[in-house]
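A.B. asks: Would you mind keeping the following structure in view while I ask a few things?
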Amino acid sequence: MVATVKLNIPKTISILITIILAAIIAYPAIAQEASTSTAPAKKEQLRPAAEARKANIQQAAEVKKENIQNRIGPVKAKIASREANFKNKLLIFKDKRKAEIVDRVNTNLNKVNQNQTAQMKRHLGLMTTLLDKLEARVNKKSADIKDPQVAKNSIADARSKIASALAAVNAQAEKDYTLQITSEPKVKADAQTARTQLRTDLISVRKQVIDAKQAVANAIRTAKSGVMVKEGTNSGKQ
């Protein structure tokens with residue numbers, strides 16, 4: 085008997101996003117007196133590098149988006165072929181009830197992948213919104229922003245992390261987990277193999293989303309303190 089596959093995906097990302105949002109909302113209340121900032125000359129030196137980094141991030145995002153669009157056609161054709169092969173193998177199962185269960189398991193695997201990648205995209209979209217709000221405060225030179233140029237550099241790094249995570253999520257969303265049936269007696273093992281692969285893939289992609297979340301949190305702390313937060317500080321380990 086093949087049991088219906090159900091993956092328990094943690095809600096850590098949602099909780100961490102809420103914490104970051106709270107930090108943005110609380111900004112005006114925690115504003116402190118301006119401290120000694122980077123010398124104006126140094127800020128002018130940093131500005132071109134930050135602007136160039138932002139332009140490179142935007143260009144890389146466009147290239148990744150175009151590459152994804154170019155892959156859609158071939159990927160759909162491959163998925164259709166695998167699905168047809170799967171259905172044909174189910175037709176020759178002697179145990180029709182088992183065939184029905186296997187069909188449900190197959191559908192569930194791909195549904196889990198689509199649901200999880202859609203959720204990750206929403207989280208990344210929220211992170212981008214948070215950065216946009218933070219950048220607006222930086223550009224307005226709000227009193228609670230200690231060093232605008234350092235803050236911009238940190239924001240650019242966070243946007244780069246988000247772009248990389250989004251590319252990984254989009255690639256994951258394209259993956260197909262249609263069962264590769266070897267034989268009717270071995271179909272349970274085939275289903276377990278597919279389930280394990282899906283879980284491994286989702287964990288890998290989720291790590292990049294969490295890294296992006298941490299980069300956004302670092303950008304918020306950097307804007308508040310005026311000091312670039314080192315990568316990995318308070319990294320929100322699972």
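If you count by this note's numbering, then the sequence shown holds residues 85 to 322, one letter each, in order.
Glycine included, C-beta positions come from ideal geometry on N, C-alpha and C.
Just so you know, these numbers come straight off a predicted model, no measurement behind them.
1) Which whole-angstrom value is the C-beta distance of Q51 and L286, which I expect to be below 8 Å?
2) Ordered along the chain, which non-local residues of its own chain (more than five positions away) have a Cβ less than 6 Å from that of K173?
3) For E219, count neighbouring Cβ atoms within 10 angstroms of its own Cβ and tell me buried if that reaches 16, exposed if not.
4) Closest to I304 by CA distance: which of R243, I185, R283 is it?
5) Express the C-alpha separation of Y261 and A299 in angstroms, rounding to a whole number.
6) Within the region 155-230, note down every full alpha helix (DSSP H) run reaching 4 residues or more, in order along the chain.
7) May I ask you to report which of helix, strand or coil DSSP gives Q233?
8) Run through DSSP, which three-state label would D295 get?
9) Pull up the distance between the alpha-carbon of K195 and that of I229, whole angstroms please.
C.D. replies: With the structure as the only source:
1) Past the boundaries of the shown model lies residue 51; the chain is included only from 85 to 322, so the question cannot be answered.
2) Excluding sequence neighbours, K173 sits near I265.
3) By the Cβ-count criterion, E219 is buried, with 16 or more other Cβ atoms from all chains shown falling within 10 Å of its own Cβ.
4) Residue nearest to I304 within the set R243, I185, R283 is R243 (criterion: CA-CA distance).
5) Roughly 31 Å separates the two Cα atoms.
6) Listed in chain order, they are 180-223.
7) Reduced to three states, the DSSP call for Q233 is helix.
8) Helix.
9) The alpha-carbon atoms of K195 and I229 are separated by roughly 43 Å.
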